[in-house]
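Chemist: Read top to bottom, the protein sequences are chains Y and F.
Those letters in the first sequence? Residues 0 to 125, per numbering that gives the first Met the number 0, in order.
Those letters in the second sequence? Residues 0 to 218, per numbering that gives the first Met the number 0, in order.
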Amino acid sequence: MNAGPSNEPPEGSDIDPRHEALWRMLGRAPMPEPDAWFATRTLARCRAQKQAALTFTRIWRWALGGGLGISLAVTLMATQVQVGPVQSQNVNQQKSVQEAFEIMASTDNSDADSATSSTSWQDSSL
Amino acid sequence: MKSRGGDETPEVAASGKSDAHDKALMALIAQGDEHALRELIEKHQGAVYGTIAKMLGDPIEAQDLAQQVFLRVYRAAGSYRATAQFRTWMFTIVRNLVFNEHRRRSRATFISIHPPEGEASQGVGASGLDLPDTANKTPGEYLLQEEMLRKVDEAILALPEQQRLAIVLRRYDEFSYEQIADILKTSVPATKSLLFRARETLRGALQEYLENEGAKEPT
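Below, the structure is given as structure tokens:
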């Protein structure tokens, strides 16, 4: 700091200055007084600050609640969207397996038919 | 001026009572009691505002800063722990705000808390300063007194901020060396040293007026 106080007080610093002419002169320049409405204005400012703090808390509460609600809704929607395609993928897989079985079955049938017809051809040739 | 020597037991007792009352008020404020807050403001507004005005030399800025002090006191009421004297704690807030304000002000301008000569005849003017015993003075004496008061304020304002606060707290707020040391966050010997240097500087700056005073004294 600009004062640069040392640990050791200078000689004479212990002398009570209250009887000095300087001390009396300083006393003649009195402390300025605040105006009559100072306390009222300060109280109003304290009240306004309290009100602002309450409003801020209320806004925060609503914002926090709303944010939580929105994030919950988004999470739910996201999980639903994720379930949808998996289900349709399963159905498609089931369909393709079924179709494969049907093709295999029809192939088997045609083989059996041809076998039968050859037999009958053989039989008729006999 | 009140005594602060070794025989100050009644004063210490009174200040102890006052401190206990301040702490009780703070407890009430923490519970939301506005009457307690008003009482606390009304009790300390003179000292807080006066100190800041003396420190800054600007009565308008002092109003705002003094309000900020009480706002901080109000905000801190819930968490306030009565470890130190309430007044000392409150003036630590004053010190922080005033020193911050000094740092904020880049240019060294000051406005005298005494009104200009033309406005001084209004008595308690916009600055709220009541000039003593002006009615019984001749115009010459009155002008001399005006000039002297302005010089005193200018000399105080020219002191380094630590010395200035030390001298204002000691001379006008009547704090003890220990309390000033607590407020300035320094030791008692360092506080005495600050006050000594401040007095020396002021004595040098006001030499002319002190000599005049000395010449008047015997009459």
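Here a beta-carbon is modelled for each residue, glycine too, at the ideal position from N, C-alpha and C.
The structure presented is a predicted model; accordingly, all values stated were derived computationally and were not measured.
Using only the alpha-carbon positions, how far apart do Ser70 (chain Y) and Ala180 (chain F) sit?
Modeler: The residue given as residue 70 (chain Y) occupies position 71 in the first sequence. The residue given as residue 180 (chain F) occupies position 181 in the second sequence. Cα-Cα distance, rounded: 55 Å.
Chemist: Am I right that Tyr37 (chain F) and Ala38 (chain Y) are in contact with their C-beta atoms under 8 Å? What's the rounded C-beta distance?
Modeler: Walking along the second sequence from the start, residue 37 (chain F) turns up at place 38. Walking along the first sequence from the start, residue 38 (chain Y) turns up at place 39. According to the sequence as given, residue 37 (chain F) is Arg; it is not Tyr. Yes, Arg37 (chain F) and Ala38 (chain Y) are in contact; Cβ-Cβ is about 6 Å, under 8 Å.
Chemist: How close, in whole Å, do the beta carbons of Ile182 (chain F) and Ile166 (chain F) come, if the pair is a contact with beta carbons under 8 Å?
Modeler: Working through the second sequence from its first residue, we reach residue 182 (chain F) at position 183. Working through the second sequence from its first residue, we reach residue 166 (chain F) at position 167. Actually they do not touch by this definition, with Cβ atoms about 13 Å apart.
Chemist: Alpha carbon to alpha carbon, how far is Asn89 (chain Y) from Gln79 (chain Y)? Give it in angstroms, no decimals.
Modeler: The residue given as residue 79 (chain Y) occupies position 80 in the first sequence. The residue given as residue 89 (chain Y) occupies position 90 in the first sequence. Each residue's alpha carbon lies about 16 Å from the other.
Chemist: Leu36 (chain F) touches chain Y at which residues, Cβ-Cβ below 7 Å?
Modeler: The residue labelled residue 36 (chain F) in the question sits at position 37 within the second sequence. The contacting residues are Leu42, Cys45.
Chemist: Cα separation between Ala189 (chain F) and Glu212 (chain F)?
Modeler: In the second sequence, residue 189 (chain F) corresponds to position 190, counting from 1. In the second sequence, residue 212 (chain F) corresponds to position 213, counting from 1. Spanning the two alpha carbons is a distance of roughly 30 Å.
Chemist: Assign Gly56 (chain F) to buried or exposed, taking buried as 16 or more other Cβ atoms, counted over all protein chains shown, within 10 Å of its Cβ.
Modeler: As a first step, residue 56 (chain F) is located in the second sequence; it is residue number 57 there, counting from the start. Buried.
Chemist: Rounded to the nearest angstrom, how far is the Cβ of Cys45 (chain Y) from that of Phe69 (chain F), given a contact under 8 Å?
Modeler: In the first sequence, counting from the first residue as 1, residue 45 (chain Y) sits at position 46. In the second sequence, counting from the first residue as 1, residue 69 (chain F) sits at position 70. Contact flag correct, Cβ pair sits at about 7 Å.
Chemist: So with CB distances below 9 Å, who are the chain F contacts of Gln50 (chain Y)?
Modeler: Numbered from its first residue, the first sequence carries residue 50 (chain Y) at position 51. Simply none; closest approach about 13 Å.
Chemist: Reducing DSSP to helix, strand and coil, say where Glu101 (chain Y) ends up.
Modeler: Against the first sequence, residue 101 (chain Y) aligns to sequence position 102. Helix.
Chemist: How is Gln121 (chain F) classed by DSSP in three states: helix, strand or coil?
Modeler: Within the second sequence, numbered from 1, the residue matching residue 121 (chain F) stands at position 122. Because the pLDDT at Gln121 (chain F) is just 42, under 50, the model does not fix this residue reliably, and the value given afterwards should be weighed accordingly. If DSSP states are grouped into helix, strand and coil, Gln121 (chain F) belongs with the helices.
Chemist: Please classify Trp88 (chain F) as buried or exposed, where buried requires at least 16 neighbouring CB atoms within 10 angstroms.
Modeler: Stepping through the second sequence from its first residue, residue 88 (chain F) is reached at position 89. So Trp88 (chain F) counts as buried.
Chemist: Measure the alpha-carbon distance for Arg71 (chain F) versus Ile92 (chain F) and round it to whole angstroms.
Modeler: Position 72 of the second sequence holds residue 71 (chain F). Position 93 of the second sequence holds residue 92 (chain F). Each residue's alpha carbon lies about 8 Å from the other.
Chemist: Helix or strand or just coil, what does DSSP make of Gly127 (chain F)?
Modeler: Walking along the second sequence from the start, residue 127 (chain F) turns up at place 128. A caution first: Gly127 (chain F) carries a pLDDT of 38, below 50, which makes its placement in the model unreliable, though a value can still be read off. The answer is coil: DSSP assigns Gly127 (chain F) none of H, G, I, E or B.
Chemist: Between Gln67 (chain F) and Leu96 (chain F), which are expected to be in contact by the criterion C-beta below 8 Å, what is the C-beta distance as a whole number of angstroms?
Modeler: To locate residue 67 (chain F), count along the second sequence from 1; it is residue 68. To locate residue 96 (chain F), count along the second sequence from 1; it is residue 97. Contact holds; Cβ gap of about 6 Å.
Chemist: If the cut-off is 8 Å on Cβ atoms, which residues from the region 65-96 of chain F count as contacting chain Y, listed in chain order?
Modeler: Answer set for the region 65-96 of chain F: Ala65, Gln66, Phe69, Leu70, Tyr73, Arg74.
Chemist: Any idea if Gly127 (chain F) is buried or exposed, counting beta-carbon neighbours within 10 angstroms, 16 or more meaning buried?
Modeler: If you number the second sequence from 1, residue 127 (chain F) lands on position 128. Confidence in Gly127 (chain F) is poor, its pLDDT being 38 and thus under 50, which makes the residue's placement too unreliable to answer from.
Chemist: For Asp107 (chain Y) and Val73 (chain Y), what's the separation of their Cα atoms in angstroms?
Modeler: Here the question's residue 107 (chain Y) lines up with position 108 in the first sequence. Here the question's residue 73 (chain Y) lines up with position 74 in the first sequence. Each residue's Cα considered, the two are about 51 Å apart.
Chemist: Could you compute how far the alpha carbon of Ala197 (chain F) sits from the alpha carbon of Gln162 (chain F)?
Modeler: One-based indexing of the second sequence puts residue 197 (chain F) at position 198. One-based indexing of the second sequence puts residue 162 (chain F) at position 163. C-alpha separation (whole angstroms): 6 Å.
Chemist: Anything in chain Y within Cβ reach of Ile59 (chain F), meaning under 9 Å, just list it in chain order.
Modeler: Position 60 of the second sequence, counted from the start, is the residue given in the question as residue 59 (chain F). What Ile59 (chain F) touches in chain Y: nothing, since even the nearest Cβ is about 11 Å away.
Chemist: Below 8 Å between beta carbons is the criterion; list the residues of the region 25-55 of chain F that meet it against any residue of chain Y, in chain order.
Modeler: From the region 25-55 of chain F, only Glu33, Leu36, Arg37, Ile40, Glu41, Gln44, Gly45, Ala46, Tyr48, Gly49, Thr50, Ala52, Lys53 have a Cβ closer than 8 Å to chain Y.
Chemist: How would you list, in chain order, the residues of chain F whose beta-carbon sits under 8 Å from the beta-carbon of Phe55 (chain Y)?
Modeler: In the first sequence, counting from the first residue as 1, residue 55 (chain Y) sits at position 56. Within chain F, no residue comes near Phe55 (chain Y); the closest Cβ sits about 13 Å away, beyond 8 Å.
Chemist: What first and last residue would you give for the alpha helix (DSSP H) that runs through Pro188 (chain F)?
Modeler: Indexing the second sequence from 1 puts residue 188 (chain F) at position 189. Counting along the chain, the alpha helix (DSSP H) containing Pro188 (chain F) begins and ends at 187-204.
Chemist: So, is His43 (chain F) buried or exposed, given that buried needs 16 or more other C-beta atoms within 10 angstroms?
Modeler: As a position in the second sequence, residue 43 (chain F) is number 44, starting the count at 1. Under this definition His43 (chain F) is a buried residue.
Chemist: Please identify the residue among Y:Gln92, Y:Asp34, Y:Asn91 whose C-alpha is closest to the C-alpha of Gly45 (chain F).
Modeler: Here residue 45 (chain F) refers to the residue found at position 46 of the second sequence. Checking every option, the nearest Cα to that of Gly45 (chain F) belongs to Y:Asp34.
Chemist: I'd like the span of the alpha helix (DSSP H) that includes Gln44 (chain F), first residue to last.
Modeler: Along the second sequence, read from residue 1 onward, the residue named residue 44 (chain F) stands at position 45. Per DSSP, Gln44 (chain F) belongs to the alpha helix (DSSP H) from 33-55.
Chemist: Check whether chain Y comes within 8 Å of Gln178 (chain F), counting only Cβ atoms and requiring the distance to be less than that.
Modeler: Residue numbering aside, residue 178 (chain F) sits at position 179 when the second sequence is read from its first letter. No, no contact with chain Y.
Chemist: Please confirm whether Arg202 (chain F) has its beta-carbon closer than 8 Å to some beta-carbon of chain Y.
Modeler: Counting from 1 along the second sequence, the entry for residue 202 (chain F) is found at position 203. Yes, Arg202 (chain F) counts as interfacial toward chain Y.
Chemist: Figure out for me which residue from F:Lys16, F:Ser14, F:Gln62, F:Tyr79 has the closest Cα to the Cα of Ile28 (chain F).
Modeler: On the second sequence, residue 28 (chain F) is found 29 positions in, with the first residue counted as 1. For the residues F:Lys16, F:Ser14, F:Gln62, F:Tyr79, the minimum Cα distance to Ile28 (chain F) belongs to F:Tyr79.
Chemist: What does Leu209 (chain F) reach in chain Y if we use C-beta pairs closer than 8 Å?
Modeler: The count along the second sequence starts at 1 and reaches residue 209 (chain F) at position 210. Within chain Y, the residues near Leu209 (chain F) are Ala20, Leu21, Met24.
Chemist: Starting from the Cα of Pro29 (chain Y), find the closest Cα among F:Leu168, F:Ala157, F:Arg103 and give me that residue.
Modeler: Taking the first residue of the first sequence as position 1, residue 29 (chain Y) is located at position 30. Residue F:Leu168 is the option with its Cα nearest to Pro29 (chain Y).
Chemist: Return helix, strand or coil for Lys136 (chain F), following the three-state DSSP convention.
Modeler: Counting from one through the second sequence, the residue named residue 136 (chain F) turns up at place 137. Note: Lys136 (chain F) maps to coil in three-state DSSP.
Chemist: Would you kindly check if the distance between the Cβ of Tyr48 (chain F) and the Cβ of Gln62 (chain F) is under 8 Å?
Modeler: Position 63 of the second sequence, counted from the first residue, corresponds to residue 62 (chain F). Position 49 of the second sequence, counted from the first residue, corresponds to residue 48 (chain F). Yes. Within cutoff.
Chemist: How should Phe100 (chain Y) be labelled, buried or exposed, when 16 other C-beta atoms within 10 angstroms of its C-beta is the threshold for buried?
Modeler: What you label residue 100 (chain Y) is simply residue 101 of the first sequence in a count that begins at 1. Exposed, by the Cβ-count rule.
Chemist: At least one CB of chain F closer than 8 Å to the CB of Met76 (chain Y): is that the case?
Modeler: Taking the first residue of the first sequence as position 1, residue 76 (chain Y) is located at position 77. It does not: the Cβ of Met76 (chain Y) has no partner Cβ on chain F nearer than 8 Å.
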